[in-house]
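*Asks:*
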Amino acid sequence: MGGLAFLLTCVSLTSDAIADEPAHDELVASMADTLWSGVQQSLPDEKQDASEVPLIGLIKVLRQSGIDSAAAAGGRGGGAGGRSGGGRAQRGGGGGMPSTTDEVRAKFDSMDLDRDGVWKGDEINSYMRGQPASSDNEVTFEEYNEAWNQLRSRMGSGGGHQHGGGQGGNRGGRGERGSGERGGHNHGGGRGGRGGAPSSSRVNTNAEFVLALDVNRDRKLTRAELQTAIATALNPKPAGSGAGDETTPAPPANRGLQRRTEMQVRAIAICSAWHAIDLNGDEKIQLSELKARVGSDASESLAEAMGITQEKPLPMDQLYASARRLSDELTAAALQK
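If you're matching positions, the sequence shown starts at 3 in this note's numbering and goes up one per residue.
(1) Can you give the Cα-Cα distance for serine 137 and arginine 131, rounded to whole angstroms?
(2) If you check the beta carbons only, do isoleucine 232 and valine 30 fall under 8 Å apart?
(3) Which one of His26, Ser32, Asp27, Glu28 has the shortest CA to CA distance from arginine 268?
(4) Just the Cα atoms here: how many angstroms apart are phenylalanine 211 and isoleucine 126?
(5) Which partner residues of glutamate 140 appear in the DSSP bridge assignment?
(6) So the candidates are Gln288, Ser53, Ala323, Ile61; which of them puts its Cα closest to the Cα of arginine 156?
(7) Rounded to whole angstroms, how far is the Cβ of leucine 223 from the Cβ of valine 41, which I believe are closer than 8 Å?
(8) In terms of residues, what are the limits of the alpha helix (DSSP H) holding alanine 294?
(9) What does DSSP give as the partner residue(s) for proline 56 in the beta ladder?
(10) Check for me: the alpha helix (DSSP H) holding arginine 117 runs from which residue to which?
(11) For alanine 323 and glycine 123, I'd like the C-alpha separation in whole angstroms.
(12) I'd like to confirm the pairing. Which residues does DSSP put opposite lysine 339 in its beta bridges?
(13) Any idea which residues DSSP pairs lysine 286 with across the strands?
(14) Can you tell me which of Asp284, Thr142, Thr102 puts its alpha carbon nearest to the alpha carbon of methionine 113?
(15) For serine 53, count the other beta carbons within 10 Å of its own beta carbon; 16 or more makes it buried, fewer makes it exposed. Which is it?
(16) Should valine 55 and serine 44 be called a contact, given that it needs their Cβ atoms to be closer than 8 Å?
(17) So, at 8 Å on beta carbons, what are the nonlocal neighbours of alanine 393 in its own chain, with the 5 sequence-adjacent residues on each side left out?
(18) Inspect the beta-carbon positions of leucine 64 and arginine 221 and report whether they are closer than 8 Å.
(19) Considering only the beta carbon of each residue, do leucine 213 and leucine 153 sit closer than 8 Å?
(20) The alpha helix (DSSP H) spanning serine 71 covers which residue range?
(21) With DSSP run on the structure shown, which of helix, strand or coil describes alanine 278?
(22) Excluding the 5 residues preceding and the 5 following serine 303 in the sequence, name in chain order all residues of the same chain whose CB lies nearer than 8 Å to its CB.
(23) Inspect the CB distances between the region 303 to 321 and the region 273 to 288 and report whether three or more fall short of 8 Å.
(24) Excluding the 5 residues flanking methionine 308 on each side, which residues of the same chain have their C-beta closer than 7 Å to its C-beta?
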């Protein structure tokens, strides 16, 4: 009887595993639908049924929405800069993307689990798996550093710039554990301040995910590419395991990867759909603008979830971080045309 019970248990577990496969496929398809719905809305109205969306336009929208902020990486954003020269100093901005060789090294070392100086197998992240450097199933620090330099160049991240004369604030503010990125942004006040040094424990991987959506690297996105990219993000195949071989079964989705991917999908979709929500051009989302975008009924729940009130609008550069926290139901409401 014991042997029969064991056999029945194995059959039951196998059946459960098989039953989980359609659920995973449905999850990938649902997330791709959500992402595609938002991404398409980044296009002009007359082009929103297009089969392709330019990647560069999406990147521009996401940067305006704070994709490279410390809050988007999981920390708190930088504080406000000082005032001088008759103008206002903008936020000292906290960016999570490594901006120096030491910061890139810190991120590389944090994922080098066996500390042998080379990424292999599960250590290689999804972005680097799509790079020529990983063709030998290994990634050195030099190869990873070069990839980051190319990524920063494509995303256009960097320090602040200046307009007018005078001195900006002393410091651009500090994010969590000093995770503000370099460079304030000062209008009418000259040079912006400097934030604290980025934290190696709060690295922003959102830029990697966005670029990985362009599976064939033609700088355009399609619905099929989004589904492929999401499936890869949920089930990254270790190097040397037959990656690219469709007959090799993918491992079950890791709950942490699923949660992170869901948050990234929500944020990208909502930021894309809301790219023109700032009707008065003050770089903030007013309660009235939210109502104009989603209607009075949905705006109440969204405003509460995102902390938007009549007296407290949401700065546009905090939209990405705020959108990550929304539920599936609120995300669907936010994407209604």
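Heads up, the beta-carbon is just placed ideally off N, CA and C, and yes, glycines get one too. Just so we're clear, the structure is a prediction, and the values are computed from it rather than from any experiment.
*Replies:* According to the data block:
(1) Locating residue 137 in the sequence shown gives position 135, where the first residue counts as 1. Locating residue 131 in the sequence shown gives position 129, where the first residue counts as 1. Approximately 8 Å, taken between the alpha carbons.
(2) By 1-based counting over the sequence shown, the position of residue 232 is 230. By 1-based counting over the sequence shown, the position of residue 30 is 28. Yes, they are a contact pair.
(3) Mapped onto the sequence shown, residue 268 falls at position 266. Closest by alpha carbon: Ser32.
(4) Here residue 211 is taken as the residue at index 209 of the sequence shown, counted from 1. Here residue 126 is taken as the residue at index 124 of the sequence shown, counted from 1. A straight-line Cα-Cα distance of about 14 Å links phenylalanine 211 and isoleucine 126.
(5) Here residue 140 refers to the residue found at position 138 of the sequence shown. BP columns for glutamate 140 point to Lys122.
(6) Within the sequence shown, the letter at position 154 stands for residue 156. For arginine 156, the nearest C-alpha among the options comes from Ile61.
(7) Numbered from 1 along the sequence shown, position 221 holds the residue referred to as residue 223. Numbered from 1 along the sequence shown, position 39 holds the residue referred to as residue 41. The Cβ separation is near 6 Å, so the contact holds.
(8) Locating residue 294 in the sequence shown gives position 292, counting from the first residue. 289 to 296 is the extent of the alpha helix (DSSP H) around alanine 294.
(9) Mapped onto the sequence shown, residue 56 falls at position 54. Per DSSP, Lys222.
(10) Sequence index remark: in the sequence shown, residue 117 carries index 115 (1-based). Arginine 117 -> no alpha helix (DSSP H), and no H or E assigned at all.
(11) The residue given as residue 323 occupies position 321 in the sequence shown. The residue given as residue 123 occupies position 121 in the sequence shown. Their backbone Cα atoms lie some 31 Å apart in a straight line.
(12) Residue 339 sits at position 337 when you count from the first residue of the sequence shown. DSSP lists no partner for lysine 339.
(13) On the sequence shown, position 284 is the one that residue 286 refers to. Paired residue(s): Pro317.
(14) Looking up residue 113 in the sequence shown gives position 111. The shortest C-alpha separation from methionine 113 is found at Thr142.
(15) Numbered from its first residue, the sequence shown carries residue 53 at position 51. When all chains shown are included, serine 53 counts as exposed.
(16) Your numbering for residue 55 matches position 53 in the sequence shown. Your numbering for residue 44 matches position 42 in the sequence shown. Their beta carbons are under 8 Å apart, which means valine 55 touches serine 44 by this criterion.
(17) With the chain represented from 3 up to 339, any question about residue 393 goes unanswered, as that position is not in the structure.
(18) As a position in the sequence shown, residue 64 is number 62, starting the count at 1. As a position in the sequence shown, residue 221 is number 219, starting the count at 1. No, the pair does not count as a contact, with Cβ atoms beyond the cut-off.
(19) As a first step, residue 213 must be located in the sequence shown, where it is residue number 211. As a first step, residue 153 must be located in the sequence shown, where it is residue number 151. It is a contact, given that the beta carbons lie within the stated cut-off.
(20) As a position in the sequence shown, residue 71 is number 69, starting the count at 1. Segment: none, serine 71 is in no alpha helix (DSSP H) and carries neither H nor E.
(21) Residue mapping note: residue 278 aligns to position 276 of the sequence shown, counting from 1. Alanine 278 falls in the coil class under three-state DSSP.
(22) Here residue 303 is taken as the residue at index 301 of the sequence shown, counted from 1. Shown here for serine 303: same chain residues with a beta carbon closer than 8 Å to its own, the five before and five after excluded, namely Leu332, Ala335 in chain order.
(23) When Cβ pairs closer than 8 Å are counted between the two stretches, the region 303 to 321 is seen to touch the region 273 to 288, the count reaching three or more.
(24) Within the sequence shown, the letter at position 306 stands for residue 308. Answer for methionine 308: Leu316, Ser324, listed in chain order.
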